[in-house]
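Here the structure comes first, spelled out in structure tokens, and everything after it is commentary.
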Amino acid sequence: MVVGELAQERELVIIGGGPGGYTAAIRAAQLGKEVTLIEKGDLGGVCLNQGCIPSKVLVHVSAKYGELSKIGGLGISMSDVSFDLSQTAEYKHQVTANLRKGVEALCRQHKVELVSGKASFLSDDRIGVENGDDFQVYSFKAAIIAAGTSPVSHPAAAVDPPYILDSRSLYSLESLPEHLILYGNDYTAIEAAFSYRILGCEVTLVHEHGFSGLDASIEKELLRVMKKAKIKWKKGMMLKQAVKQEGILKAVFIADDGTELELEGTHLYLQTEFQGNSEELGLNRLGIKTDSRGFVQIDRECRTSLSNIWAIGDITGGKLLAVKAISQGKAAAASIAGLPAEWNDGFIPMVIRSQPPIACAGLTEEEAKAEGYKVRTGVFSFAGNGFASLAGQKDGFAKVVSDAENEVILGVHLMGNGAAELISTGITALEMAAREEDLSFPLYPHPSMNEGLLEAVEDLAGLAIHKPPSKELARQR
Ligand SMILES: Cc1cc2nc3c(=O)[nH]c(=O)nc-3n(C[C@H](O)[C@H](O)[C@H](O)COP(=O)(O)OP(=O)(O)OC[C@H]3O[C@@H](n4cnc5c(N)ncnc54)[C@H](O)[C@@H]3O)c2cc1C
Ligand SMILES: NC(=O)c1ccc[n+]([C@@H]2O[C@H](COP(=O)([O-])OP(=O)(O)OC[C@H]3O[C@@H](n4cnc5c(N)ncnc54)[C@H](O)[C@@H]3O)[C@@H](O)[C@H]2O)c1
């Protein structure tokens, strides 16, 4: 091993080039800091290379494939429709490679020094970086830890890895699974259920509890759409054991009353727990406070228990989302630059790319009631929206939850085409503590899915135009 003799002096070092780390690097450079970004694998982290982007490539491809069966009625005819997962994989590689190149170019343009290698702390102001036989030492004034998490393997599965999938291997399959069993109630399980089912796989979704965090009416619509897509679904079952016997994967599930369910499949996805990648960094040696799962404890500025070290993204636990890592990256950079800084965990958008997608922010009706609000709700089905109708995408609805006492919007829940884009209006409204009128007064493009949200807001006062009156109102008239 070649060991650098002297510690090379740096101002700010960032460990991990995922969405948290590279956002922090660019923002800190914009704020005048000299930045060194250390990455042991690929720039872009889990999000770009295994997570957000690869999963959404499959969502996009399967949605296009699914549309083909409906285009006959539009006057377009096509023959010889086929699907080839290896070409999709090639497309995914091109997309991720281009995005990686983009991140690398941006870093260079902002004069962020990129260092390849595995970092670990030697002390509270020095870091070692190992790359093959080379070992370099850097001293720093400030550091940001953005090293992400690792999945913890599920205790009930004793099967070879190719047949057992976690959220990171689910999108790197070389061939389509014949029968994919998904055990989980998370975004990943739902997104994969739709993508793989639309591409022709048999899909069974099994979980112990309901889909976490969804408004009950959205969950009901999700189950209806899943049934329509022929995704099999079992609730209230816990995985007891998964084994591979004579080339067949067998998963045994057990209900509270002891009833067992045995499923045979080709692949089994297991929703796993995660642990922070703190051990390899030597955080315990430094005395940086972590919890029992290796998640680093931080304050509102993302500062750890050591005053010159910040931590951001998945390694800080809580909601493991790129959207949070990005917000924390900007806050940490601002804090290091001496600016007022606080990361925003107010209205984290919850997006599930089911088909059609779900996007929610703020309180569900059930949460608002539990918090003691006098709640009123407005609901508008996309079946009544002109654009949804012409695009043949009438599934889903918009629902708005508001405080009946002062008309302040408390939550926005969408399921329908374009929901992930449309939710930004809801988030802005929530962030600005908008009242119903703030959303119903502005003009909305026509025809567009946006009008679905407008009509849900109008429905709070029973004034949606493209919705029949309630039976009670119709009787009164
Ligand atoms: C299938 C899937 C779909 C997802 N979809 C979404 C989505 O739609 N929206 C969303 O917001 N989030 C999504 N996520 C979550 C998202 O990927 C993570 O929240 C995000 O990647 C966290 O970013 P991060 O920067 O904290 O860490 P990571 O992206 O995990 O990056 C950490 C980086 O640190 C590097 N590293 C670790 N240790 C060291 C070391 N010792 N030295 C040097 N480098 C090191 C790693 O190589 C890695 O590149 C998805 C995840 C998965 C798996
Ligand atoms: N559309 C999306 O936003 C989307 C889609 C897919 C996956 N994801 C993200 O992908 C990653 C993997 O997703 P997942 O759904 O498999 O995992 P998850 O984050 O939903 O959690 C998996 C398990 O770990 C537990 N857990 C998570 N964080 C914890 C913490 N800090 N302390 C204790 N327990 C914790 C959860 O309760 C759950 O049992 C996550 O980052 C997830 O948020 C996001």
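Counted from 1, the sequence shown has number 846 at position 451 by the working numbering; the numbering is strictly sequential. Note that CB positions come from ideal geometry on N, CA and C, so glycine has one too. Please read all numbers here as calculations on a predicted model, not as lab measurements.
Here N812 is buried. Its C-beta has 16 or more other C-beta atoms within 10 Å. Under the three-state reduction of DSSP output, V430 falls in the strand class.
If you look at E406, you'll find it in the beta strand (DSSP E) that goes Q403 to I410. Y664 is positioned such that its CB atom lies closer than 8 Å to that of L577. Using a Cβ-Cβ distance cut-off of 8 Å, the region 715-732 and the region 771-782 are not in contact, since fewer than three pairs of beta carbons, one from each stretch, lie closer than that value. In this structure, D529 has its CB at a distance of at least 7 Å from all heavy atoms of ligand 1. S481: member of the alpha helix (DSSP H) spanning L480 to Q504, first to last residue. A check of alpha carbon separations from E696 across G689, R688, T711 and T685 identifies T711 as the nearest. Per DSSP, the unbroken beta strand (DSSP E) holding Q531 starts and ends at D529 to I540. The secondary-structure analysis by DSSP pairs Q670 across a beta bridge with S545.
By the Cβ rule, the region 556-574 counts as touching the region 473-481, because three or more pairs are nearer than 8 Å. Rounded to the nearest angstrom, the gap between the Cα atoms of T685 and G677 is 11 Å. In the structure shown, the three-state DSSP call for A587 is helix. In the DSSP assignment, V454 falls within the unbroken alpha helix (DSSP H) covering C447 to L463. Straight across, the Cα-Cα distance linking L658 with A646 is about 5 Å. At the C-beta level, L817 and M844 come within 8 Å of one another.
Here N526 carries a strand assignment [DSSP, helix/strand/coil]. Per DSSP, the beta bridge partners of K639 are L644.
Fewer than three beta-carbon pairs drawn from the region 459-466 and the region 528-545 are found closer than 8 Å, and the two stretches are therefore not classed as touching. A residue is called buried when at least 16 other Cβ atoms come within 10 angstroms of its Cβ; I471 does not meet this threshold and is exposed.
Runs of the beta strand (DSSP E) spanning 3 or more residues and lying entirely within the region 698-771 occur at 704-706, 745-747 and 753-757, in chain order. Bounds of the alpha helix (DSSP H) holding D854 are N845 to D854.
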